[in-house]
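Novice:
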Amino acid sequence: MEEVGAQEVSAVEEVAEVKRVPVESNNGRKPEGGGPRNSVFTWFMVLALLGVWSSVAVVWFGLVDYDSVIARARQFRGNFSEVLQGKLRAYDADRDGDFDVEDAKVLLGLKQKPVSVVQPAEPRQQLEETETSHEQEPKAGTNKVAVQDDVPGLTAEDDDVDGSQMLKLESEIQAAVPLPPPSEEEFVPDDSSKHSVLDEHPYEDKLNTIDTKGELVEESQPQETLEESGPYEDQSGSQYIHKPASEPEPHTEPSSEPQSQGEQESAAEPQAEPAASESTGSVSEQPEEKLIDKVKKKKPKLLNKFDKTIKAEIEAADKLRKKGIAEEAVRAFEALVQQYPHSPRCRYGKAQAEDDMAEKKRSNEMLQKAINTYREASELPSATPDLVRASLKRRAERQQFLGRMRGALATLEKLVQIFPEDLSLKNDLGVSYLLLGDNHSARRVYEEVLAVAPDDGFAKVHYGFILKSENKIAESIPYLREGLESGDPGTDDGRFYFHLGDALQRVGDNSVSYTHRHTHTLPPSITVLSVLQAYEWYARGHQRGHFASVWQRSLYNVKGLRAQPWWTPQETGYTDLVKALEKNWRVIRDEALSVMDTSTGLFLPEEENLREKGEWGQFTLWQQGRKAGEACRSVPRTCSLLERYSEATGCKRGQIKFSVMQPGTHVWPHTGPTNCRLRMHLGLVIPKQGCKIRCTNDTRVWEEGKVLIFDDSFEHEVWQDSDSYRLIFIIDVWHPELSQHQRQVLSPI
3 MEEVGAQEVS
13 AVEEVAEVKR
23 VPVESNNGRK
33 PEGGGPRNSV
43 FTWFMVLALL
53 GVWSSVAVVW
63 FGLVDYDSVI
73 ARARQFRGNF
83 SEVLQGKLRA
93 YDADRDGDFD
103 VEDAKVLLGL
113 KQKPVSVVQP
123 AEPRQQLEET
133 ETSHEQEPKA
143 GTNKVAVQDD
153 VPGLTAEDDD
163 VDGSQMLKLE
173 SEIQAAVPLP
183 PPSEEEFVPD
193 DSSKHSVLDE
203 HPYEDKLNTI
213 DTKGELVEES
223 QPQETLEESG
233 PYEDQSGSQY
243 IHKPASEPEP
253 HTEPSSEPQS
263 QGEQESAAEP
273 QAEPAASEST
283 GSVSEQPEEK
293 LIDKVKKKKP
303 KLLNKFDKTI
313 KAEIEAADKL
323 RKKGIAEEAV
333 RAFEALVQQY
343 PHSPRCRYGK
353 AQAEDDMAEK
363 KRSNEMLQKA
373 INTYREASEL
383 PSATPDLVRA
393 SLKRRAERQQ
403 FLGRMRGALA
413 TLEKLVQIFP
423 EDLSLKNDLG
433 VSYLLLGDNH
443 SARRVYEEVL
453 AVAPDDGFAK
463 VHYGFILKSE
473 NKIAESIPYL
483 REGLESGDPG
493 TDDGRFYFHL
503 GDALQRVGDN
513 SVSYTHRHTH
523 TLPPSITVLS
533 VLQAYEWYAR
543 GHQRGHFASV
553 WQRSLYNVKG
563 LRAQPWWTPQ
573 ETGYTDLVKA
583 LEKNWRVIRD
593 EALSVMDTST
603 GLFLPEEENL
613 REKGEWGQFT
623 LWQQGRKAGE
633 ACRSVPRTCS
643 LLERYSEATG
653 CKRGQIKFSV
663 MQPGTHVWPH
673 TGPTNCRLRM
683 HLGLVIPKQG
693 CKIRCTNDTR
703 VWEEGKVLIF
713 DDSFEHEVWQ
723 DSDSYRLIFI
733 IDVWHPELSQ
743 HQRQVLSPI
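So the number in the numbering used here is just where the residue sits in the sequence shown, counting from 1, plus 2.
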């Protein structure tokens with residue numbers, strides 16, 4: 003052993019004594035002792051590597067420190083170039099097999115990525131088999147080789163390189179060579195997709211049969227918030243009512259994208275319509291393709307040539323608005339308007355920001371500023387047509403919100419003058435006339451629309467409504483039906499399902515009794531089919547989420563309230579009121595009889611178009627939670643009694659009135675407008691026979707001195723076939739499950 007060691011030392015000494023080649027330093031002097039002998043190829047590789055990485059560093063202006071990466075990588079065994087190439091393979095932008103300066107330029111956006119010709123790929127299965135076979139082939143000279151982290155040159159034998167170190171190396175390399183940041187999307191100045199004013203309803207998979215019990219199919223828990231399904235005050239009347247401005251509404255992001263009436267309505271519409279009843283097949287299904295085609299709209303062009311030059315400044319201010327920072331957005335756009343007073347887009351952005359501020363602070367004053375600014379933006383001479391349209395349309399919407407219907411009408415008339423070919427604007431104009439009660443002008447507008455576009459569903463349903471309000475029942479049916487079947491935006495509305503069903507009921511009710519309508523022994527006549535189709539449309543309206551049930555078809559509803567057609571005094575909790583009414587019924591009757599003389603003019607004919615025939619007069623004491631003029635002077639004791647019960651006198655969604663019905667009177671099947679009230683009937687003068695009331699499928703009669711309580715949001719019908727008049731006292735009370743807060747904030751009806 004000692005001899006072997008001595009030989010090795012001797013060999014080392016001999017190697018050390020080999021004559022070294024002198025190497026000159028930079029200043030031309032030979033260093034003492036000389037220098038190590040190096041390969042020219044080795045130096046060439048070192049210089050090449052340094053040159054490559056120096057070039058990359060220059061490209062990134064010194065932002066990338068590759069020295070630390072290289073120093074870190076040298077701690078591992080294996081071929082560093084293979085490691086680096088393997089880890090940066092994902093960044094090989096030009097697909098030349100390595101990562102170099104050209105790749106860095108592509109990643110930094112300094113150079114476009116070269117277009118490569120893609121060869122036809124082999125079948126996926128064949129490629130997978132090939133890759134699997136390559137992975138299973140062991141490398142020569144090793145018994146067990148496994149590539150770790152897809153890095154060539156590192157095998158399972160490299161036991162000093164653990165997984166955590168490789169992950170750390172990989173993260174350092176990726177941090178040094180980041181992917182380019184994602185390009186920002188093109189500036190879209192109008193973003194109305196944050197919120198939606200309308201709530202979507204749940205839909206059922208198939209049509210249900212008629213709910214003869216009159217109960218909700220799905221009972222939900224009572225909620226403090228209300229949902230309004232439509233703007234009608236009384237569904238069976240003839241007036242197109244706008245939702246009151248005082249109605250509490252969910253906070254919504256004002257829509258800045260110019261939308262037609264149909265577009266706004268379609269935001270909450272389903273894209274597929276449920277199947278119709280299999281019994282008649284008169285309700286056609288709506289193709290999904292048609293709905294999809296209708297919502298495809300071109301992106302509005304709101305920037306003129308000058309606005310494009312200040313696009314970045316507009317974008318910065320609009321970003322504040324979209325983030326909900328309304329105050330800062332208003333200030334930013336005010337500064338832009340001062341700097342660029344002739345910029346329509348800056349003025350339009352200011353109006354939008356003021357609109358948002360009004361929503362946030364619930365300020366009518368700020369909303370009026372927005373309305374004025376929208377007008378200013380539309381009147382600038384360089385405003386694009388799309389910006390003019392968007393500004394004036396939003397202005398009209400906000401005017402309607404404030405209840406300024408005539409101002410909104412003037413704005414829409416101006417829009418129609420500027421864009422006479424835009425039928426959606428004409429449709430909006432027709433609605434504006436209806437909101438003012440000018441059905442004649444609305445009819446003229448929709449006749450003009452249908453003359454140009456006979457298949458316009460929106461115009462059809464509104465034209466059908468107008469015909470029905472004129473008591474042209476049969477003529478209204480095809481327009482309402484075809485309009486609903488069109489599936490056009492703005493047609494899927496509970497009001498139109500209600501009026502179509504009501505019209506069909508009235509056409510069929512002339513010769514079909516209630517008993518026949520609800521049995522299977524119906525005579526084969528067109529009128530009978532009309533009644534069946536009426537309930538089919540009611541069922542479809544329920545399926546679409548517009549009605550709580552086939553029987554309960556009110557549109558002004560609060561979710562979760564107990565729903566049943568008939569109530570007992572104990573169920574309502576208003577037993578004290580019921581006892582007081584029944585105890586004092588003779589006093590109430592005598593006062594009513596004292597004012598029944600036709601010469602007093604206190605009893606007025608029913609004006610809600612609910613009678614098929616006969617005479618029906620009403621004398622109102624309270625309306626919408628307030629006394630009706632001087633009516634109580636004629637019946638002071640009755641009013642004094644009722645003033646003790648705020649559940650009745652404070653019911654803003656009800657009335658208190660006397661009702662007298664003469665012999666030979668029939669009241670069409672109808673429903674009240676809201677589920678927020680219950681209706682009490684106190685019998686005062688009741689003939690012994692011939693007077694009855696039906697609510698859902700339960701028919702009852704009045705008794706003198708007794709109170710009947712029912713929910714008039716369910717379908718009910720009245721017959722007076724006696725030989726003398728019938729006199730009752732009607733008292734509406736709040737639904738007992740409404741909270742005090744809800745009773746305060748609910749809008750009057």
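Where is the CB? At the ideal position from N, CA and C, for every residue including glycine. Predicted model, so just to flag it, every value in this text is computed and none were measured.
Helix or strand or just coil, what does DSSP make of Pro346?
Specialist: Along the sequence shown, one-based indexing puts residue 346 at 344. Correct three-state label for Pro346: helix.
Novice: Looking only at C-alpha atoms, which of Ser596, Val669, Pro675, Gln626 sits nearest to Pro638?
Specialist: Numbered from its first residue, the sequence shown carries residue 638 at position 636. With distances taken between Cα atoms, Pro638 lies closest to Ser596.
Novice: Can Gln722 and Cys693 be called in contact, C-beta distance under 8 Å?
Specialist: Looking up residue 722 in the sequence shown gives position 720. Looking up residue 693 in the sequence shown gives position 691. Their beta carbons are under 8 Å apart, which means Gln722 touches Cys693 by this criterion.
Novice: I'd like to confirm the pairing. Which residues does DSSP put opposite Asp700 in its beta bridges?
Specialist: As a first step, residue 700 must be located in the sequence shown, where it is residue number 698. Paired residue(s): Cys697.
Novice: If I measure Cβ to Cβ from Lys362 and keep anything under 6 Å in the same chain, skipping five residues before and after, which residues do I get?
Specialist: Sequence index remark: in the sequence shown, residue 362 carries index 360 (1-based). Result list for Lys362: Ala328, in chain order.
Novice: Which class does Glu381 belong to by DSSP, given the choice of helix, strand or coil?
Specialist: Along the sequence shown, read from residue 1 onward, the residue named residue 381 stands at position 379. Here Glu381 sits in helix by DSSP.
Novice: Which residues bound the beta strand (DSSP E) around Ser741?
Specialist: Working through the sequence shown from its first residue, we reach residue 741 at position 739. Where Ser741 is concerned, there is no enclosing beta strand (DSSP E), given that its DSSP letter is neither H nor E.
Novice: In chain order, what residues of the same chain have a beta carbon less than 6 Å from the beta carbon of Asp309, not counting five sequence neighbours either side?
Specialist: Taking the first residue of the sequence shown as position 1, residue 309 is located at position 307. Ser345, Arg347.
Novice: Between the alpha carbons of Pro750 and Gly405, how many angstroms are there, rounded?
Specialist: Position 748 of the sequence shown, counted from the start, is the residue given in the question as residue 750. Position 403 of the sequence shown, counted from the start, is the residue given in the question as residue 405. The alpha-carbon atoms of Pro750 and Gly405 are separated by roughly 15 Å.
Novice: What whole-angstrom Cβ distance do Tyr540 and Gly503 have, given they're in contact under 8 Å?
Specialist: Here the question's residue 540 lines up with position 538 in the sequence shown. Here the question's residue 503 lines up with position 501 in the sequence shown. About 5 Å separates the two Cβ atoms, so the contact holds.
Novice: List the endpoints of the continuous alpha helix (DSSP H) containing Gln572.
Specialist: Counting from 1 along the sequence shown, the entry for residue 572 is found at position 570. Element bounds for Gln572: 571-574.
Novice: Let me know if Asp457 comes out buried or exposed under the rule of 16 or more other beta-carbons within 10 Å of its beta-carbon.
Specialist: On the sequence shown, position 455 is the one that residue 457 refers to. Per the 10 Å Cβ criterion, exposed.
Novice: Identify the residues that DSSP records as bridge partners of Val669: which are they?
Specialist: Translated into positions along the sequence shown, residue 669 becomes position 667. The partner list for Val669 (beta bridge, DSSP) reads Arg613, Val720.
Novice: Pair every Cβ in the stretch 543-562 with every Cβ in the stretch 662-670, then say whether three or more of these pairs are closer than 8 Å.
Specialist: Not touching, per the Cβ criterion.
Novice: Alpha carbon to alpha carbon, how far is Ser551 from Val219? Give it in angstroms, no decimals.
Specialist: Residue 219 sits at position 217 when you count from the first residue of the sequence shown. Residue 551 sits at position 549 when you count from the first residue of the sequence shown. Low confidence applies to Val219: its pLDDT is 31, below 50, so where it sits in the model is not reliable, and the reading given next is rough at best. Using only the alpha carbons, I get a separation of about 7 Å.
Novice: Tell me which same chain residues have a C-beta within less than 6 Å of the C-beta of Ser488, skipping the five on either side of it?
Specialist: As a first step, residue 488 is located in the sequence shown; it is residue number 486 there, counting from the start. Same-chain partners within the cutoff: Gly459.
Novice: In the structure shown, what three-state DSSP assignment does Asp714 receive?
Specialist: Looking up residue 714 in the sequence shown gives position 712. The answer is coil: DSSP assigns Asp714 none of H, G, I, E or B.
Novice: What separation, rounded to the nearest whole angstrom, lies between the Cα atoms of Cys678 and Glu645?
Specialist: To locate residue 678, count along the sequence shown from 1; it is residue 676. To locate residue 645, count along the sequence shown from 1; it is residue 643. About 20 Å.
Novice: Note down, in chain order, each residue of its chain lying with its Cβ closer than 8 Å to the Cβ of Ser365, except the 5 sequence neighbours on either side.
Specialist: Position 363 of the sequence shown holds residue 365. Counting only Cβ-Cβ distances below 8 Å, and skipping sequence neighbours, we find Met359.
Novice: From Pro738 to Leu414, what distance separates their C-alpha atoms?
Specialist: As a working mapping, residue 738 is identified with position 736 in the sequence shown. As a working mapping, residue 414 is identified with position 412 in the sequence shown. Using only the alpha carbons, I get a separation of about 43 Å.
Novice: Going along the chain, which residues of its own chain have a beta-carbon closer than 7 Å to the beta-carbon of Asn441, five neighbours each way excluded?
Specialist: Counting from 1 along the sequence shown, the entry for residue 441 is found at position 439. These residues qualify, in order along the chain: Ile468, Ser471.
Novice: Could you have a look at Ile751 and say whether DSSP puts it in helix, strand or coil?
Specialist: The sequence position of residue 751 within the sequence shown is 749, counting from 1. Coil, per DSSP.
Novice: Considering only their Cβ atoms, is the gap separating Val418 from Leu436 smaller than 8 Å?
Specialist: Here residue 436 corresponds to residue number 434 of the sequence shown, with the count starting at 1. Here residue 418 corresponds to residue number 416 of the sequence shown, with the count starting at 1. Cβ distance not < 8 Å, so Leu436 and Val418 don't count as in contact.
Novice: According to the Cβ coordinates, are Ala455 and Leu482 closer than 8 Å?
Specialist: What you label residue 455 is simply residue 453 of the sequence shown in a count that begins at 1. What you label residue 482 is simply residue 480 of the sequence shown in a count that begins at 1. No, the pair does not count as a contact, with Cβ atoms beyond the cut-off.
Novice: DSSP state of Pro387, grouped into three classes?
Specialist: As a first step, residue 387 must be located in the sequence shown, where it is residue number 385. Looking at Pro387 - three-state DSSP - the assignment turns out to be helix.
Novice: So is the beta-carbon of Tyr342 under 7 Å away from any non-hydrogen atom of the ligand COA?
Specialist: This structure does not include the ligand COA; it has no bound ligands of any sort.
Novice: I need the boundaries of the alpha helix (DSSP H) containing Lys313, first residue and last residue.
Specialist: Locating residue 313 in the sequence shown gives position 311, counting from the first residue. Run containing Lys313: 313-324, per the alpha helix (DSSP H) assignment.
Novice: Per DSSP, which one or two residues make a beta bridge with Thr622?
Specialist: Walking along the sequence shown from the start, residue 622 turns up at place 620. In the DSSP output, where bridge partners are listed per residue, Thr622 has Lys659.
Novice: Report the option in Cys653, Glu717, Gly619 whose CA atom is closest to the CA atom of Arg628.
Specialist: Position 626 of the sequence shown, counted from the first residue, corresponds to residue 628. Ranking the options by Cα distance to Arg628, first place goes to Cys653.
Novice: Here's the rule: buried if 16 or more other CB atoms are within 10 angstroms of the residue's CB, otherwise exposed. What is Ser556?
Specialist: The residue labelled residue 556 in the question sits at position 554 within the sequence shown. Buried: at least 16 other Cβ atoms inside 10 Å.
Novice: Below 8 Å CB to CB, which residues in the same chain sit around Glu330 once its five sequence neighbours on both sides are set aside?
Specialist: On the sequence shown, residue 330 is found 328 positions in, with the first residue counted as 1. Hits under 8 Å: Leu322.
Novice: If contact is defined by three or more beta carbon pairs under 8 Å, each pair taking one atom from either stretch, is the stretch 741-749 in contact with the stretch 712-729?
Specialist: The stretch 712-729 vs the stretch 741-749: no contact.
Novice: For Leu606, count neighbouring C-beta atoms within 10 Å of its own C-beta (all shown protein chains included) and say buried if the count is 16 or more, exposed if not.
Specialist: The count along the sequence shown starts at 1 and reaches residue 606 at position 604. That one is exposed.
Novice: Just verifying my parser: in three-state terms, what is the DSSP assignment at Gly685?
Specialist: For the purposes of this step, residue 685 is taken as the residue at position 683 of the sequence shown. Correct three-state label for Gly685: strand.
Novice: Exposed or buried, which one is Lys659 when buried takes at least 16 other CB atoms within 10 Å?
Specialist: Residue numbering aside, residue 659 sits at position 657 when the sequence shown is read from its first letter. Counting Cβ neighbours within 10 Å, Lys659 comes out buried, since at least 16 surround it.
Novice: For a test of the three-state rule: what should DSSP assign to Gln566, helix, strand or coil?
Specialist: Within the sequence shown, residue 566 is the residue found at index 564, counting from 1. Three-state DSSP puts Gln566 in coil, outside helix and strand.
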